[in-house]
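Residue numbers (mature numbering (1 follows the signal peptide of the UniProt record, and there is no 0)): -27 to -1, 1 to 167.
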């Protein structure tokens, strides 16, 4: 009986150590999590395409908010941008318009979405939230106040990054990478008194 308990304890300890190691290993921005990366020539995969076997082993991108919103934004006429857009003036909330507005428009920390494009990343297009206010909107007056700060909320997303293969000119490989994507904004207390 003591030998079985010792074996069970050892297996539990190994499991705990593995779980402690796992988050750090997932954040690693190196070769794919499933082995040595393969180099592909431009003829094998035209720019923007990803090998099907890599897509099958990764996250379900279509379920992630930053990916799922792209078709909706494109249908609404939003054009892709490689850089953040200039901050616009913080909107004034009007009670009569709040009832029909989407969450990001009726928030006291409103935001807009833009489509971020990176040709060396898969998915190439992601919906990215940008806070419209530095402060937050006072629910009584509908105007911005500096008593609170608007900050972005992030989602970690696993993507594939296309990188050149060192020994072969024109060849490339895909590496996994976790990125932080802003998906909305919220209000927080300022870090220091103003």
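Even glycine gets a Cβ: it sits at the ideal position worked out from N, Cα and C.
Task: Where residue 222 falls: helix, strand or coil (DSSP) - done: Look at the range of the chain in this structure, -27 to 167, and you will see that residue 222 is not part of it.
- [ ] Taking only the alpha-carbon atoms, compute the straight-line gap between residue 103 and residue 27 and give it to the nearest angstrom.
- [x] 31 Å
Open item on the list: Helix, strand or coil, according to DSSP, for residue 67 in the structure here?
Closed with: coil
Open item on the list: Let's see if you can read the secondary structure: which residues bound the beta strand (DSSP E) around residue 154?
Closed with: 145 to 161
TODO: Pull up the distance between the alpha-carbon of residue -4 and that of residue 131, whole angstroms please.
DONE: Any answer about residue -4 is weak, because its pLDDT of 40 lies below 50 and its placement is not dependable; what the coordinates show is given next. Going from the Cα of residue -4 to the Cα of residue 131 covers about 14 Å.
Task: residue 22 in three-state terms, based on DSSP - done: coil
Open item on the list: Can you check which of these residues, 11, 83, 87 and 65, is closest to residue 41 by C-alpha distance?
Closed with: 87
- [ ] Take residue 10 as the anchor and find which of 116, 145 and 161 has the nearest alpha-carbon.
- [x] 145
Task: Sub-8 Å separation of residue 126 and residue 155 beta-carbons - done: yes
Task: Minimum length 4: unbroken alpha helix (DSSP H) runs contained in the segment 93 to 124 - done: none
Open item on the list: Can you tell me whether residue 108 is buried or exposed? The criterion is at least 16 other CB atoms within 10 Å of its CB, across all chains shown.
Closed with: buried
TODO: Determine, using beta carbons only, whether residue 97 and residue 39 come nearer to each other than 8 Å.
DONE: no
TODO: Please classify residue 37: is it buried, with 16 or more other beta-carbons within 10 angstroms of its beta-carbon, or exposed?
DONE: buried
Open item on the list: Rounded to the nearest angstrom, what separates residue 82 and residue 44 at their Cα positions?
Closed with: 24 Å
Task: Cβ neighbours of residue 112 in the same chain (closer than 7 Å, five flanking residues each side left out) - done: 81
Task: Residue range of the unbroken alpha helix (DSSP H) whose run includes residue 52 - done: First-last for residue 52: undefined, no H or E at that position.
Task: Which of helix, strand or coil DSSP assigns to residue -23 - done: Only weak support exists for where residue -23 lies, its pLDDT of 45 falling under 50; the value from the coordinates is given anyway. Helix at residue -23.
- [ ] Return yes when the Cβ of residue 117 is within less than 8 Å of the Cβ of residue 160, no when it is not.
- [x] no
- [ ] Go ahead and pull the three-state DSSP assignment for residue -15.
- [x] The predicted position of residue -15 is uncertain, since its pLDDT is 39 and thus under 50; a value taken from the coordinates is nonetheless stated next. Three-state result, residue -15: helix.
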